[in-house]
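The structure appears below as C-alpha cells.
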Amino acid sequence: MSGPTTHALGAHVSADGVRFGLWAPNAHAVRVGLDDGSRHELTAADGRWTAEVPGVGPGARYQFAVTGADGVTRIKADPLAFAVAADRHDVSVVEASNHVWTDEKWLARRRGAGHRPMSVYEVHVGSWRPGLGYRELARPLAEHVRDSGFTHVEFLPLTAHPFAGSWGYQVTSYFAPEPRWGSPDDLRFLVDTLHAHDIGVVLDWVPGHFARDEWALGAFDGTPLYEHPDPRLGYQPEWDTFVFDYGRAEVQDFLLASVAHWIEQYHVDAIRVDAVSSMLCLDFGRAPGQWRANDEGGCTNPDAVDFLHRLNDTTHEAHPGVLTVAEAARPWPGITAQEGPTALRFDRTWNLGWTHDTLGYVGHPPTERPTQHELLLRPFDYADDERFVLPFSHDEVGPRAGSLWSRLPGDSADKAAALRVLLALQWALPGDKLLFMGTEFGARAEWSHERGLDWGLLSDPRHGGLRSLVRELNRLARTMPTLRDRQLFTRPTQSDAHLGLLTFARPGPKGRTFVFVANLSNRDIKNYRPSAIAPNGWSVGLDTDDPRFNGRGADQPEQRPLGIVRLRPSQALWLFGDAAHQHWTPSSHGPPNGRPLPNPTTCK
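Just so you know, we're using this note's numbering here: the sequence shown kicks off at -9 and counts up by one.
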C-alpha cells in the first residue's frame, strides 16, 4: 500500500456514478450512506475500501459507517472529502468543479518569480467584511489589496473547521474549503480574481495537529490511524487536539496530498505551515511527564524533521515557483537553509523574535525606552540568519492582545505618529512584510472573528494617513533596489539610546546608501547627524511626518549639507546619501528574546 492519495481515495465522479474510496486498514466493515437513505458496502483490498455507486452525482451528501478493530461502528466524514455540507461539517459532499480558470499567464510568471520580495496582507475571510462569501469578497478584496500595494493575500486557514472560534486552526477536513463562505468553485473564483489583479495567494495550513471531533480523523478505524498511538506524542494538551503520526508513511502521504490538492485544485502560490515548533519539539505545550524523549534522549521529533524535508522537497520539485513559509515559535538554526544538519528547506520563516522585541519596546512609554533599547538592537544580530518575514499578524491584534493602536502610549495623535514610525521601521528592514487586516489603517479595537473591521475609521485623517503611508511603503519597496537586498550595512549601536534614536544603513547601488533614522522619544531633537551619512549631504526618500500621511508637516529641505537632520517626537526618515566608511559587525547580543539557539537533538 502506497498510502492515501486524492486519485484513489475520496469521492470521484465517473461516467456511471461515483467511486468511493477509504483508507481504513484495521476496519472490519465499511458502508457509505447517501442522503437518499441508501447504504452501500465497500470492499477491502490492502487496507483500502472501495465501491462504485451508480446513479450518484455532484452534490450528493454522504458519510461512512466504519466498524473498527474494536467492534464499534463509528459514523465518519470522508478524510479526503473535497467538499463538506454547509450546515453539517460531519457530512461530506461529492464535488466536481465547473470553474474555468483564467490565470494561465499568472501561473507562467510564477514559475520564474524566484525569491522576489513579498508584501503580504493577512485576511480572515469571515470578518473582513461580514456577510461576504468567497465570491462576493473577490473583487472588493482584490481592489483594496492592489490599491494598498500588497503583493499577496494570506488567508487564515480555509480548510474546513466546525469551530469558528478556532479561526481555522482546528481542522477536520484537509481537502475541503470551509463551507460557511461558499462552495469550492466560489473559492476558485476568489483565487482567480486575485491572480487577475496580480496578487498572489498564501494558504495558512495546519499539519501540526487536528481537531478531536468524534466523526473526524481520530480513532478512525478503531485504532489511532492518523494520530500517534502514544498520547505523549499523539495528543497536544495545550490545544486539546490530536497530533499526526509523522513516522507513518501513509500519514505523510495524506498530508502531502493535501498540499498538492490546494496547489493544483485552487492554484495557491504559497503554503504557510503553522506551528512548526509544535511539530519539531516533543516537549512543546507539554509539562514534564507529558512528553516522551526521542531515542537519543532529546526532544527533537526526527519524524517531523523528515516530514518537513519531504514537504519542501516534493512541493518545490512538483510545483516550481510555489513557496513554503514556516511559522516557528522557537528558534531553530537553518529553517530556510537548503543544506546542513539542521536545514529544513523552507523558502521563508516568520521572524517572531523581531515582532516580540519590537512590540515590547514601543509598548513602553517614551520616557522608559532608553532602558529598553536592547530590544530594538537584538534582532539585528540574526537578521541575516534566515530568509525572514517580518509579521504583525493576527496573533498580535487578537483577543487579549489588543490592537497595535491600543498598545501604543499617548493620545490619538501620539498613537498615529508612533504607528507610522513602526510601519516605516518594518518596511526599512530586510525581509518580507506581513500585516493583518485592519493594521493598514490603524484599527483601534482588537480583532474578533465575530465582527468586521471598522472601515469608517478611514474617514478620519489619522487613519486614512496610515493607509496612505502603507501604500507609499509598498510602492517604494517595489521600486527601490536597495530594499530588495536582504543585507544590512551598519548595525545600530547603543550610543543614541539615551536619546531614543534608532539609526541603521543598508547598501544601495552606485554607493548611494539608504539610512533609516527614527526618533522614538517624546523630545524634539535638532541638529542630529547620523553616523552612516557622509558629510556631503543626503536627500529624503520618506518622512512619516509628511502631510500626505497626516503628519505634522515635513521639516527637512530637499538637500542639507553636513548630514544634519531634525527629528520631532515619533518621527522616522528614510534618507539617501553617500556611505560613511563603516561596516556592520555582529555583536554578542544573542538570538531572539535572548534565548540560545536550539541544539537540534534536544530542542532546548
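Beta carbons are placed, not taken as given, at the ideal position from N, Cα and C, and that holds for glycine.
Please read these numbers as outputs of a predicted model, since none were measured by experiment.
If the criterion is Cβ atoms closer than 8 Å, does the pair Ala316 and Thr339 meet it? In contact: Ala316 and Thr339 (Cβ atoms closer than 8 Å).
Pair within 8 Å by beta-carbon distance, Ser383 and Glu112: Yes, they are a contact pair.
Using DSSP's beta-bridge definition, name the partner residues of Lys405. Under DSSP, Lys405 forms no beta bridge with any residue.
In the DSSP assignment, the beta strand (DSSP E) including Ser163 goes from what residue to what residue? Unbroken beta strand (DSSP E) run through Ser163: 163 to 167.
Quick one: is Ile65 buried, meaning 16 or more other Cβ sit within 10 Å of its Cβ, or exposed? Within 10 angstroms of the beta-carbon of Ile65 lie fewer than 16 other beta-carbons, which makes it exposed.
So, is His573 buried or exposed, given that buried needs 16 or more other C-beta atoms within 10 angstroms? Residue placement at His573 is flagged as unreliable, the pLDDT there being 37, under the threshold of 50; the coordinate-derived value follows with that caveat. Exposure of His573 is indicated by the presence of fewer than 16 other C-beta atoms within 10 angstroms of its C-beta.
Is Tyr216 helix, strand or coil by DSSP? Reduced to three states, the DSSP call for Tyr216 is coil.
Put Asp533 into one of helix, strand or coil per three-state DSSP. Note: Asp533 maps to strand in three-state DSSP.
Starting from His30, trace the alpha helix (DSSP H) in both directions and tell me its first and last residue. Note, His30: premise wrong, no alpha helix (DSSP H); beta strand (DSSP E) at 29 to 31.
In this structure, does DSSP put Tyr256 in helix, strand or coil? Residue state, collapsed to three classes: helix.
Classification of Asn517 by the beta-carbon crowding that lies within 10 angstroms, buried from 16 upward: Looking at its Cβ environment, which holds fewer than 16 other Cβ atoms inside 10 Å, Asn517 is exposed.
For Val135 and Met427, I'd like the C-alpha separation in whole angstroms. About 10 Å.
If you reduce the DSSP assignment to three classes, tell me which class Ala55 lands in. Looking at Ala55 - three-state DSSP - the assignment turns out to be strand.
Cβ shell of Ala(-2) (< 6 Å), same chain only, five flanking positions each side left out: Annotation for Ala(-2): Gly11 place their beta carbon closer than 6 Å to its own, counting only its chain and skipping 5 residues before and after.
With 16 other CB atoms within 10 Å as the buried threshold, where does Ala569 fall? For Ala569, the predicted model reports a pLDDT of 48, less than 50, meaning its position is unreliable; a value from the coordinates is still stated below. Classification of Ala569: buried, given that the 10 Å Cβ count is 16 or more.
Pairwise C-alpha distance: Asn540 and Thr592: For Thr592, the predicted model reports a pLDDT of 43, less than 50, meaning its position is unreliable; a value from the coordinates is still stated below. One C-alpha to the other measures close to 51 Å.
Runs of 3 residues minimum, wholly inside the region 247 to 317: which ones carry the beta strand (DSSP E) assignment? Unbroken beta strand (DSSP E) stretches of 3 residues or longer found wholly inside the region 247 to 317: 260 to 263, 313 to 316, given in chain order.
The alpha helix (DSSP H) enclosing Asn517, as first and last residue numbers: From DSSP, Asn517 is part of no alpha helix (DSSP H) but of the beta strand (DSSP E) over 515 to 518.
Going straight from the alpha carbon of Asp235 to that of Leu245, what length do you get? Approximately 11 Å between the Cα atoms of the pair.
Please list the terminal residues of the continuous beta strand (DSSP E) segment that includes Pro420. Counting along the chain, Pro420 falls outside any beta strand (DSSP E), and DSSP gives it neither H nor E.
Quick one: what does DSSP say Pro44 is sitting in, helix, strand or coil? Pro44 falls in the strand class under three-state DSSP.
What are the boundary residues of the alpha helix (DSSP H) that includes Trp118? Here the alpha helix (DSSP H) through Trp118 covers 115 to 118.
With DSSP as the reference, label Phe10 as helix, strand or coil. Note: Phe10 maps to strand in three-state DSSP.
Can you tell me whether Val191 is buried or exposed, with buried defined as 16 or more other CB within 10 angstroms of its CB? Val191 should be labelled buried.
Do the region 427 to 445 and the region 91 to 109 meet, that is, are 3 or more Cβ pairs less than 8 Å apart? Contact between the region 427 to 445 and the region 91 to 109 is absent, because fewer than three Cβ pairs lie under 8 Å.
The beta strand (DSSP E) with Pro130 in it runs from where to where? From DSSP, Pro130 is part of no beta strand (DSSP E) but of the alpha helix (DSSP H) over 124 to 138.
CA-CA distance, Glu144 and Gln362? The alpha-carbon of Glu144 is positioned some 32 Å away from that of Gln362.
Between the alpha carbons of Ser138 and Thr183, how many angstroms are there, rounded? Going from the Cα of Ser138 to the Cα of Thr183 covers about 16 Å.
Which same chain residues, not among the five before or five after Leu491, have their C-beta less than 8 Å away from its C-beta? Within the same chain, Leu491 has close Cβ partners Val507, Ala508, Asn509, Leu510, Ser511, Ile515, Tyr518, Leu557.
First and last residue of the uninterrupted beta strand (DSSP E) at Phe382: It spans 378 to 382 - the beta strand (DSSP E) in which Phe382 sits, taken as one unbroken run.
Same chain, Cβ closer than 7 Å to Val241, neighbours up to 5 away in sequence not counted: The answer, listed in chain order, is Tyr216, Phe234, Asp235.
If His199 and Trp157 are in contact, beta carbons under 8 Å, what's the gap, nearest whole angstrom? Cβ atoms of His199 and Trp157 stay farther apart than 8 Å, at about 14 Å.
Where do the N-terminal and C-terminal ends of the alpha helix (DSSP H) with Leu366 fall, by residue? Element bounds for Leu366: 364 to 367.
Would DSSP call Thr357 helix, strand or coil? Correct three-state label for Thr357: helix.
What three-state label does DSSP hand Val505 in the structure shown? When DSSP states are grouped into helix, strand and coil, Val505 belongs to the strand group.
For the alpha helix (DSSP H) that Ala186 lies in, which residues bound it at each end? Here the alpha helix (DSSP H) through Ala186 covers 174 to 186.
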